[in-house]
Amino acid sequence: MTADEELSKGCRFIEEGKFDEARKIFLKMARKSIPEAQFNLALMYQDGKGVPRSMKKAAKWYTKAADNGMDEALLNLGCMYLLGNGVPTSEKKAFDLVQKAADNGYGKAQIQLGVMYEFGSGTVQSYEKAFGWYNAAAQQDIPEAHVALARLYASGNGVRKSETKTISLLERASNMGYGEAQEILGTLYYYGEGVPRSPAKAAELFRLAAEQNYPSAAFNLGIMYSEGDGVEQSDEQAFVWYTAASNMGHSDAQFNLGVAYDFGIGCKKDLMEAAKWYSMSASQGNSDALCNLGDMYENGRGVEKDFDKAMTLYKASADLGNDLAQCSIGDMYRKGEGVPQSDQEAEKWYRTSAEKGCKEAINELVKMGKDVSGYNAED
Numbered sequence: 028m029t030a031d032e033e034l035s036k037g038c039r040f041i042e043e044g045k046f047d048e049a050r051k052i053f054l055k056m057a058r059k060s061i062p063e064a065q066f067n068l069a070l071m072y073q074d075g076k077g078v079p080r081s082m083k084k085a086a087k088w089y090t091k092a093a094d095n096g097m098d099e100a101l102l103n104l105g106c107m108y109l110l111g112n113g114v115p116t117s118e119k120k121a122f123d124l125v126q127k128a129a130d131n132g133y134g135k136a137q138i139q140l141g142v143m144y145e146f147g148s149g150t151v152q153s154y155e156k157a158f159g160w161y162n163a164a165a166q167q168d169i170p171e172a173h174v175a176l177a178r179l180y181a182s183g184n185g186v187r188k189s190e191t192k193t194i195s196l197l198e199r200a201s202n203m204g205y206g207e208a209q210e211i212l213g214t215l216y217y218y219g220e221g222v223p224r225s226p227a228k229a230a231e232l233f234r235l236a237a238e239q240n241y242p243s244a245a246f247n248l249g250i251m252y253s254e255g256d257g258v259e260q261s262d263e264q265a266f267v268w269y270t271a272a273s274n275m276g277h278s279d280a281q282f283n284l285g286v287a288y289d290f291g292i293g294c295k296k297d298l299m300e301a302a303k304w305y306s307m308s309a310s311q312g313n314s315d316a317l318c319n320l321g322d323m324y325e326n327g328r329g330v331e332k333d334f335d336k337a338m339t340l341y342k343a344s345a346d347l348g349n350d351l352a353q354c355s356i357g358d359m360y361r362k363g364e365g366v367p368q369s370d371q372e373a374e375k376w377y378r379t380s381a382e383k384g385c386k387e388a389i390n391e392l393v394k395m396g397k398d399v400s401g402y403n404a405e406d
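So in my numbering, spot 208 of the sequence shown is number 235, and the numbers just go up one at a time.
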């Protein structure tokens with residue numbers, strides 16, 4: 028069996044989930060200094076497939092493959108030095124490794140080198156050099172390079188600002204099926220920035236990106252179905268896409284999914300599921316989720332009633348500027364829920380909320396007989 032055939036067999040074992048068999052093949056070949064095998068072994072250690080995850084061992088095998096002239100290994104090792112994964116952090120070492128692969132014509136390394144020049148990582152910042160390396164990779168028709176160039180044309184950094192070229196590059200990458208370009212282009216079509224506004228086109232692009240697991244695209248599509256903007260209104264479809272984005276960790280989608288379960292919008296009402304998704308969103312610092320979860324604990328909806336937890340959640344939300352949470356704290360002081368009853372504290376929180384236009388807070392101040400002439404309620 029030739030070396031290429033053995034490598035193919037090892038890769039096939041990886042695809043089939045037979046990681047131990049793959050490891051044995053790659054290790055045997057790696058010890059013979061075959062760089063592709065060393066690289067694949069490094070990947071296994073980096074991903075923890077068939078072996079205990081070890082960045083240190085991954086770096087060791089990337090180093091061996093890089094020393095044997097493999098550009099992909101040079102790039103991956105450079106990224107490990109950049110992040111300090113398995114090796115001491117060294118932006119300069121990262122830059123040198125990436126540049127070596129880029130000089131060899133490796134497109135992905137050229138893009139990474141462009142990023143390092145664009146943001147001054149491991150080298151002196153230079154938009155002009157970033158543009159040069161992105162352009163070199165774009166000559167190989169790599170979609171990531173087209174998007175990077177579009178970013179520079181959009182900002183005018185290192186090149187004359189051009190909406191036309193920005194859109195052209197994004198269209199090219201999008202037509203190649205690149206999800207990031209589809210998501211960006213979808214946003215531009217939605218707002219009509221550089222292109223005629225077309226919610227229908229935006230929805231089409233968001234769908235393509237969402238199907239490639241871009242969480243913001245899935246969330247945006249959910250919003251569009253919820254509002255019937257560019258697509259036929261459907262709470263059920265909104266629920267589908269909020270769920271998809273939520274499972275990818277999108278905080279706003281998790282909040283919206285919590286609302287859907289809380290009120291039975293597009294799905295069967297389920298307060299326990301609502302609390303679960305509010306909690307997941309709240310853990311990412313979403314102020315609306317913190318507030319709604321506080322309401323669930325205050326009123327015992329889907330969770331056991333707990334005024335202390337409710338107050339903690341409301342205060343966390345209020346600290347982020349959430350006016351409804353500030354109003355809810357006022358309610359708890361007015362009613363003496365979990366705190367000593369205090370009209371003075373209630374009024375303080377109501378006024379803080381009312382200053383932001385919260386109608387509920389203004390109404391509570393009116394009930395208390397307080398002057399609200401300086402406040403304007405917002406819809």
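Glycine residues also receive a C-beta, built at the ideal position from the N, C-alpha and C atoms.
No experiment lies behind these values; they were computed from the predicted model shown.
Item	Value
Select from 78, 59, 61 the residue whose C-alpha is nearest the C-alpha of residue 41.	78
Just the Cα atoms here: how many angstroms apart are residue 214 and residue 229?	6 Å
Exposed or buried, residue 218, counting other C-beta atoms within 10 Å across all chains shown (16 or more means buried)?	exposed
So within the stretch 371 to 404, which uninterrupted alpha helix (DSSP H) runs reach at least 4 residues, ignoring any that extend past its ends?	386 to 394
Residue 235: buried (16+ other C-beta within 10 angstroms of its C-beta) or exposed?	buried
Distance check for residue 303 and residue 82, CA to CA, integer angstroms please.	34 Å
Any idea what DSSP makes of residue 150, helix, strand or coil?	coil
Where does residue 110 sit, in a helix, a strand or coil, going by DSSP?	helix
Quick check for students: name the residue ranges of the alpha helix (DSSP H) that lie wholly in the stretch 167 to 229, counting only runs of 4 or more.	170 to 182, 190 to 202, 206 to 218
Nearest-angstrom Cα distance between residue 327 and residue 233?	38 Å
Pairs of beta-carbons, one from the stretch 330 to 341 and one from the stretch 358 to 372, closer than 8 Å: are there three or more?	yes
Please state if the CB of residue 134 and the CB of residue 164 are separated by a distance shorter than 7 Å.	yes
Counting Cβ pairs, one atom from each stretch, are 3 or more of them under 8 Å apart for the stretch 269 to 277 and the stretch 240 to 250?	yes
Measuring CB to CB, does residue 354 end up less than 7 Å from residue 318?	no
With distances taken Cα to Cα, identify the nearest neighbour of residue 329 among 99, 296, 241.	296
Please state the DSSP three-state secondary structure of residue 38.	helix
Please report the residue range of the alpha helix (DSSP H) in which residue 320 lies.	314 to 326
Could you name the residues of the same chain whose beta carbon sits closer than 6 Å to that of residue 352, not counting the 5 residues immediately before and after it, in chain order?	318, 341, 344, 345
Output needed for residue 113: all residues of its chain with C-beta closer than 6 Å, excluding positions within five of it in sequence on either side, in chain order.	82, 83, 85, 86, 107
Who are the Cβ neighbours of residue 61 in its own chain at under 7 Å, not counting the five residues just before and after it?	30
For the putative contact between residue 144 and residue 156, defined by C-beta atoms under 8 Å, what is the C-beta separation to the nearest angstrom?	4 Å
Exposed or buried, residue 240, counting other C-beta atoms within 10 Å across all chains shown (16 or more means buried)?	exposed
With C-beta atoms as the reference, is residue 11 less than 7 Å away from residue 227?	Outside the shown range of the chain (28 to 406) lies residue 11, about which nothing can therefore be said.
Suppose contacts are defined by Cβ-Cβ distances below 7 Å. Is residue 285 in contact with residue 301 by that definition?	yes
I'd like to know whether the C-beta atoms of residue 121 and residue 149 end up nearer to each other than 7 Å.	yes
Going by C-alpha distance, which of 212, 293, 238, 242 is nearest residue 252?	293
Residue 216 and residue 170 - do their beta-carbons sit closer together than 7 Å?	no
Starting from the C-beta of residue 380, find all residues in its chain whose C-beta is less than 6 Å away, skip the five residues before and the five after it, and write them out in chain order.	350, 353, 354, 388
Just to confirm, are residue 185 and residue 146 a CB contact at a threshold of 7 Å?	no
Starting from the Cα of residue 118, find the closest Cα among 174, 131, 142 and give me that residue.	142
CB-CB under 6 Å to residue 105, same chain, minus the five flanking residues each way: which ones, in chain order?	121, 124, 125
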